[in-house]
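**Q** Once you've had a glance at the structure underneath, I'll fire off some questions.
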Amino acid sequence: MSLAERLKAHIKTEGPLPLELFLEKVMTTTQDGYYAEADRFGKDGDFITAPEISQLFGEVLAAFQTWLWELSGSPNANEMMIFEAGPGRGTLFEDMHRSWRQICPQMAAAPVTFLETSPYLRSVLTSRFSGQDIHLTKTVNNLPEVPLFGVANEFFDALAIRQAIKRNQGWVWRAIGLDIDQFVFCDGPALHPDEMRQHKLSADAPTDSVAEFSPASEAVLASLARHVARFGGGVLICDYGKANRQDDSLQAVRAHKAVPVLDMPGLSDISHLVDFAALARCAEAQGARLVGPVEQGRFLSELGIEKRAEALRRKDDPERDRALSAALDRLCAPQHMGGLFKIALLVPAGEGLPAGFASLRETDLQPNERRGG
């Protein structure tokens, strides 16, 4: 029985599934969830991430983390850890590690922890980095008590969310039901008054307003924030972002094309726009600070990605030059990933804007952005 068939059988027997539970099942079920068995990345997959576009992305992030390492007192390799949430096939880490071998041997020699739940990807990572000090974990709890220098690229947008929708009679949780054997959105239980107060939902909101919450994202962020607040370091978060939670940002992609969210559960990439404001509140509650977000293009440009690209150009290789120019455009241009993606930094509480964040201003986030690539 396929994943879709099992979900339909459950709904027929038990009733509609809460949206959050439906998303958890279709994305992370170990048997046949979206990330369970197949390679979903790159031009032959469903979407392309920044590391697949160019090594420049990883090199800039490695340089930033080296600066952060120096700011943290330059701990020895055995006194810190490298961390990546949702490393995929390890492309980003490989680019960063190659840079560290040249510019920061201590970071290159530090133990690495990958937060990854997919059995398939865990196997890929184990094989790819078999000669390195690599640890795989399914939780961010109980990490080694040392400074953590990490990155989460397109991680939080894939975690499950809840949606509340305003009806004439009040706010209800969104659920997934069936209509003639097809998955459909439907109304679930009404929110209790305490839930409305908790999520600051107004009874006077316009009908059909949608509010999104990601308890899974907030739990991961809170754990990382506690760690960073206590032991130091920092985590770069690179993801789609939005200005507020009052909209429906669920989207699905298959073979680089948008598809209806409920059409192919387990076979399409379902994601949402990350609520950076909610993550910032979680960080502050744990004694840490979330700087940003800023647009990816601004961050990369401020950190010198164009200069790095120039260093890689060759006068006798025009094809290489064209590829570098195309990669820069895709990574940095406002109409591409440079504007669609946001970058934030989780660090211990403090003041001031780190390198890469000088362009920070309130208009950095737009509420209607969608996955590209």
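Start counting the sequence shown at 0; every next residue gets the next number (numbering that gives the first Met the number 0). Where is the CB? At the ideal position from N, CA and C, for every residue including glycine. Quick caveat, the model's predicted, so the values are computed rather than measured.
Residue 121 to residue 115, Cα distance in whole Å?
**A** Answer to the nearest angstrom: the Cα atoms are 6 angstroms apart.
**Q** Under 8 angstroms by Cβ, that's how I've got residue 259 and residue 3 pegged, so tell me the actual separation to the nearest angstrom.
**A** Not quite, the Cβ-Cβ distance comes to about 14 angstroms (not below 8 angstroms), so this is no contact.
**Q** Run the CB neighbour count on residue 8, radius 10 Å, all protein chains shown included, and call it buried at 16 or more, exposed below.
**A** So residue 8 counts as exposed.
**Q** Assign residue 48 to one of two classes, buried (16 or more other C-beta atoms within 10 Å of its C-beta) or exposed (fewer than that).
**A** Classification for residue 48: buried.
**Q** Taking contact to mean 3 or more Cβ pairs, one atom from each stretch, closer than 8 angstroms, check whether the segment 5-22 and the segment 170-185 are in contact.
**A** The segment 5-22 vs the segment 170-185: in contact.
**Q** Are three or more beta carbon pairs between the segment 160-169 and the segment 92-101 nearer than 8 angstroms?
**A** The segment 160-169, when compared against the segment 92-101, does not touch it at the 8 angstroms Cβ threshold.
**Q** From the DSSP secondary-structure annotation, give me the bridge partner or partners of residue 172.
**A** According to DSSP, which records beta bridges pairwise, residue 172 is partnered with 163.
**Q** Measuring only the C-alpha atoms, how far is residue 304 from residue 205?
**A** Computed Cα separation, rounded: 44 angstroms.
**Q** Specify the secondary structure class of residue 232 as computed by DSSP and reduced to three states.
**A** Note: residue 232 maps to strand in three-state DSSP.
**Q** Between which two residues does the alpha helix (DSSP H) holding residue 253 run?
**A** Per DSSP, residue 253 belongs to no alpha helix (DSSP H); it is in the beta strand (DSSP E), 250-253.
**Q** Would you mind sorting residue 238 into buried or exposed? The rule is 16 or more other CB atoms within 10 Å of its CB.
**A** Classification for residue 238: buried.
**Q** Taking a contact to mean a Cβ-Cβ separation below 8 angstroms, would you say residue 81 touches residue 330 in this structure?
**A** In this structure, residue 330 does not lie closer than 8 angstroms to residue 81 by Cβ.
**Q** According to DSSP, what are the bridge partners of residue 239?
**A** According to DSSP, which records beta bridges pairwise, residue 239 is partnered with 340.
**Q** What would DSSP say about residue 227, mapped onto helix, strand or coil?
**A** It is helical.
**Q** Is the number of C-beta pairs between the segment 214-229 and the segment 138-155 that are closer than 8 angstroms three or more?
**A** Yes: the two stretches touch, three or more of their Cβ pairs being nearer than 8 angstroms.
**Q** Starting from residue 187 and walking both ways along the beta strand (DSSP E), at which residues does that stretch end?
**A** Note, residue 187: beta strand (DSSP E), 181-189.
**Q** Using beta-carbon positions only, say whether residue 160 and residue 213 come within less than 8 angstroms of one another.
**A** Yes, these two residues count as a Cβ contact at 8 angstroms.
**Q** Figure out for me which residue from 346, 30, 184 and 103 has the closest Cα to the Cα of residue 16.
**A** Checking every option, the nearest Cα to that of residue 16 belongs to 184.
**Q** CA-CA distance, residue 236 and residue 127?
**A** Computed Cα separation, rounded: 24 angstroms.
**Q** When the Cβ atoms of the segment 289-297 are set against those of the segment 333-348, are three or more pairs found closer than 8 angstroms?
**A** Yes, since at least three Cβ pairs between the segment 289-297 and the segment 333-348 fall closer than 8 angstroms, the two stretches touch.
**Q** Check residue 178 in the structure and name its three-state DSSP category.
**A** In this structure, residue 178 counts as strand in the three-state DSSP scheme.
**Q** Can you check whether the CB of residue 155 is closer than 8 angstroms to the CB of residue 73?
**A** No, they are not a contact pair.
**Q** Determine the closest residue to residue 249 out of 272, 108 and 278, with distance taken between C-alpha atoms.
**A** Nearest C-alpha to residue 249: 272.
**Q** Can you tell me which of the three DSSP states residue 148 falls into?
**A** If DSSP states are grouped into helix, strand and coil, residue 148 belongs with the strands.
**Q** Could you give the DSSP three-state label for residue 27: helix, strand or coil?
**A** Here residue 27 sits in helix by DSSP.
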